[in-house]
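Reviewing the structure listed below.
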Amino acid sequence: MTAPTPPFRDPRLPFAKRVDDLTSRLTLDEKTAFLHQFAPAVERLGIAAFRTGQEALHGVAWMGPATVFPQAVGLGATWNEDLVRRVGEAVSREARAMRARDERVGLNVWSPTVNLLRHPLWGRNEEGYSEDPKLTSAIATAYTRGLRGDDPAYWRTAPVLKHWLAHNNETARDTSSSSVRPRVLHEYDLRAFRETVEAGAVAGVMPAYNLVNGRPNHLSPHLGRHLRTWTEEDLLVCSDAGAPSNLVDSEHYFDTHEEATAAALRAGVDSFTDHGTDSSKIVARVRGALAQGLLTEADVDAAVRRQLSVRFRLGEFDPEHDPYAKESHFDTPEHRALAREAAEQAVVLLKNDGVLPLAPGTRVAVVGLLADECKLDWYSGTLLHRSTPLEGLYERFGADRVSFAEGVDRVRLRTADGTFLHVLPSDDVPDGARGAEGALDPALLAGRTDLPPLTTDATGTELALIDWGEGVLTLRAPDGRYLSVAEDGYVRASADQPGGWVVQETFRLEPHENGHLLRHTGTGRPVQVAADGVKVAADDADAEVFGLTVAERGEDAVRRVASAADVVVVIAGNDPHINGRETEDRTTLRLPGQQERLLRAARAANPATVLALASAYPYAVDAGTLPAVLWTAHGGQAAGTALARVLAGDVSPAGRLPQTWYADDADLPDLLDYDVIGGRQTYLYFEGTPLFPFGHGLSYASFGYADLAAEVGDQTVSVSFTVTNTGEVAADEVAQLYVRAEAPSVPRPRRELLAHRRLTLAPGASTRVAFEVPLSALAFWDVAHGRWRLEPGPYALLVGASSEDVRLSTTLTLDGEPAAPRPVGERGLEAADFDEQSGTQIVDRTKTAGDAVTPAAGATGQLLYRSCDFGTGVTRTTLSVAGTGTVEMALDGGAWTPALSPSAPSAGPYDYTELDGAFTAGGVHDLRIRLRGSLRLAHVGFSG
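In structure tokens:
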């Protein structure tokens, strides 16, 4: 007799019932094994192995060749949800097609990144979409919908949002804490996640490495309190790589890994990404936690159910019903065309005094360190096709009309005995790029050891020296290969590009005696010349002292070609693996010195110099003397063709800046200051003059705005206006709607994006643009009462082409909920619910939940709570504190009360005691609190 089909195999049943049935059939050991990223097969039930995680930020990454689209920040610059949805669809189709021939390719994709681009020096700026939560959620929602697919039951891929929460620094990223006040939490950091999750195409999130308010994100109470309340779908929470171990090893938040693993699981982490493919340590920790009573089987079951829910949605158990099971779309003509379309739409024209578009027959000099490069980043796939700006301009204008100078310094390195470094010829220099074979973890890709090391001879080899800023340089051999150091320590010309988790292709020239030490940055060791070849030395005592012989300065080559051209196009920017990347923040907005020198040389030789920036982040450049400036993120496989078509006018640029471009480093807040309100950060609050504002971007056409109409309904505001192409070419325009509260009771944004639309118009054509904006979008988080509140009063609606280019405006007066004073006489005060602060930081009240406030290191902290209602009167105050220090209080601008302090330091930071003191107040007043020492203040109560 045939055994009956178990319920989990029955496609007629709801997924939830099937998940419950399968979970009940698994043993505790089998369920425990599922908690690691690499879940093993359960052969007795016919369950296959499963891996969480497949990078797919702008194409399938780390698994070999795939279509490479523009970086995420470039997709954000398109302001085009339909385009980004189609990109997501193409990426997920290729993931399915690649999995059909390589089962290592995962369908639980770890993308997109919805961290807000609050600070432009963040090393991972390239991974996000925008500094604005509304634009970020719109683009992220479009991408996740494309990744998910349209089937109501089955998902093409299962997207996981990165990185929960308030994560914008690589500096000390696993030990630093983001101090996030409630208004910033709700109005800024949570919003991008919330609106994307609520759209219904998200399978989970990944917590970030950092801490928020003193508590590691992998223990975030907001996973349960907020995230999992936004959808009825089971959300899978996957840890970031190595983060579970960080809870003990670097953060020292727990004494044992059993405690840490149990706490993360109870907080809501379902899949532990740790120790690569070796699951034994995580399994042992979970078993230890179970044995110690730190976890129950029910805790394990909850996590396993959420993982299985994703696997069922991916069709793993129903291959005959999975509509995506036979997906084969890979590197199709449609995907190639889409890559070019995305790259074209991502180009932002920042300035144009009429030099663009280039006229037919123009003699173009294309110069710069990125002119003949198609750069990839850490989360790129391997290129199937490649287009550099130089190649694009050759194709568009003809090689006879285009001249080229890279602008590198051409040098030879002379040893102390008068010989020069020499690159031996090799018959084996394959064209394949690093990582072309695919690797689950490209950090494990080793450098080549099959090529001969460098040696020395009487003439040496002329090397191309590129200074990427801050003293970091690369050296390239004439055959195009970069000098690199492999694990055996020898220096070879072996790398097609700089790359890897630890970049092995960068060096520093450090002045030493009468020459320089050549120090390899990856190992920190200097280079020496040994009998068996050039290698890194054990220490400085064995280092070679090199002299630098310059055959040609890059500026000289640039001047030659620039002076003979009609127009010069300088391609400047960054290498995504150097000076600003994952693990490394930038230190300045300025271009590297070598690139600034090349730009000056080109401009001096030819005033018709166009600057085209290809970069993962904004720069502060001197645009005043340049006739035209463009920016594009690294645009993927079609970057060069796209830029050439925009320069030639085949495509009118319509990208818009997704973040503010500041004019100077002095305009930036501290990298670790996450208070966008108090620190007046991003376009929402910045009061200075930006180099280029949020939403900015020019066109080869002009557009008129007219006939603004706005009407308030029960739950929405209806806004409409007419946009007309008043230019002579067909072009896209991005119409933007902003709001500003005109009489707010608390600091509100200078203007805030409510909606946008990218539209295409022929010359002379008009269209009516209409938006329905929920009134809830105009609310703010009222810390006095811990909820959203729409404030009554006048609101300005601003319509235009950027956050600063406002063409139409009107003012609406809205009914709302009037402000009410804080009922502190009844409920007291949560310390973190302040209106304003100085010199404080928010920390964890306990290891599981709650916030407290403490003075920042070496500072006196001050907190302000407005409109506190003490009722008919209070005479006493009770303060919940831990640590040591003093607390003082004052009403309005009055005198401070006598300082209260614990009689003895508490045993630990979570051992709270109550301080009781006299405090007389009645009616409504502003309350000020002053903190000194290392005291943590959690709550203030009143009585009497």
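Here the sequence shown is numbered in our numbering, starting from 41 and rising by one per residue.
Glycine residues also receive a C-beta, built at the ideal position from the N, C-alpha and C atoms.
Computed from a predicted structure; not experimentally measured.
- If the five residues before and after residue 210 are omitted, its C-beta is found closer than 6 Å to the C-beta atoms of 163, 623, 624 and 625, all from its own chain and listed in chain order.
- Straight-line spacing of the CA atoms in residue 776 and residue 803 works out to 20 Å.
- Collapsing the DSSP output to three states places residue 845 in coil.
- Counted as a single uninterrupted DSSP element, the stretch harbouring residue 322 is not any beta strand (DSSP E) but the alpha helix (DSSP H) occupying residues 320-331.
- Distance between residue 664 and residue 829, taken at the CA atoms: about 44 Å.
- Looking from the CA of residue 580, the closest CA among 550, 462 and 589 belongs to 550.
- Using a Cβ distance threshold of 7 Å, residue 610 and residue 748 do not count as a contacting pair.
- For the pair of segments examined, the region 234-245 was found to touch the region 175-186: the number of CB pairs separated by less than 8 Å reaches three.
- No Cβ-Cβ contact shorter than 7 Å links residue 153 with residue 171.
- Scanning 602, 511 and 568 for the CA closest to the CA of residue 631 turns up 511.
- Taking the C-beta atoms as reference points, residue 109 is found nearer than 7 Å to residue 382.
- Listed in chain order, the non-local C-beta contacts of residue 940 below 7 Å within the same chain comprise 919, 926, 927, 955 and 957, local neighbours out to five positions each way being set aside.
- Contact annotation: the region 601-619 does not touch the region 365-385, with fewer than three C-beta pairs closer than 8 Å.
- Comparing alpha-carbon positions, the option among 145, 347, 814 and 398 lying closest to residue 59 turns out to be 347.
- Between the region 703-715 and the region 402-409, the count of Cβ pairs shorter than 8 Å is below three; the stretches do not touch.
- Looking only at 523, 680 and 786, the smallest Cα-Cα distance to residue 506 is reached by 523.
- In this chain, the beta strand (DSSP E) harbouring residue 925 covers 925-931.
- Contact check between the region 201-209 and the region 124-143: fewer than three CB pairs, one atom from each, fall below 8 Å, which does not count as touching.
- By the beta-carbon neighbour count (other beta carbons within 10 angstroms, threshold 16), residue 301 is buried.
- In the three-state reduction of the DSSP assignment, residue 745 falls in the strand class, which pools E and B.
- When rounded, the separation of the alpha-carbon atoms in residue 89 and residue 135 is 18 Å.
- If you ignore the 5 residues before and after residue 530, its C-beta comes within less than 6 Å of the C-beta of 493, 573 and 575, all in its own chain and listed in chain order.
- A direct Cα-to-Cα measurement between residue 698 and residue 795 gives close to 14 Å.
- When only Cα atoms are considered, residue 295 and residue 276 end up about 27 Å apart.
- Here DSSP, grouped into helix, strand and coil, assigns residue 530 to strand.
- Taking all protein chains in view, the Cβ of residue 440 is surrounded by fewer than 16 other Cβ atoms within 10 Å, so the residue is classified as exposed.
- Taking the Cα positions, residue 94 is about 36 Å away from residue 669.
- Between the region 273-291 and the region 218-235, the count of C-beta pairs closer than 8 Å stays below three; the two stretches do not touch.
- Following the DSSP letters along the chain, one finds residue 179 inside the alpha helix (DSSP H) bounded by residues 173-188.
- Sequence-distant partners of residue 538 (beyond 5 residues in either direction) whose C-beta falls short of 7 Å from its own C-beta, in its chain, are 514, 522, 545, 546, 615, 617 and 618.
- Comparing C-alpha distances from residue 177 to each of 116, 283, 132 and 261 shows the shortest one belongs to 116.
- Assignment of alpha helix (DSSP H) within the region 89-142, counting only whole runs of 4 or more residues, yields 112-118 and 121-141 in chain order.
- Taking 8 Å as the upper bound for CB-CB distance, residue 337 and residue 68 are in contact here, some 6 Å apart.
- If you draw a straight line from the Cα of residue 534 to the Cα of residue 528, it is about 13 Å long.
- Segment contact: the region 315-324 against the region 72-81, three or more CB-CB distances shorter than 8 Å; contact assigned.
- Rounded to the nearest whole angstrom, the CA to CA distance from residue 410 to residue 430 is 9 Å.
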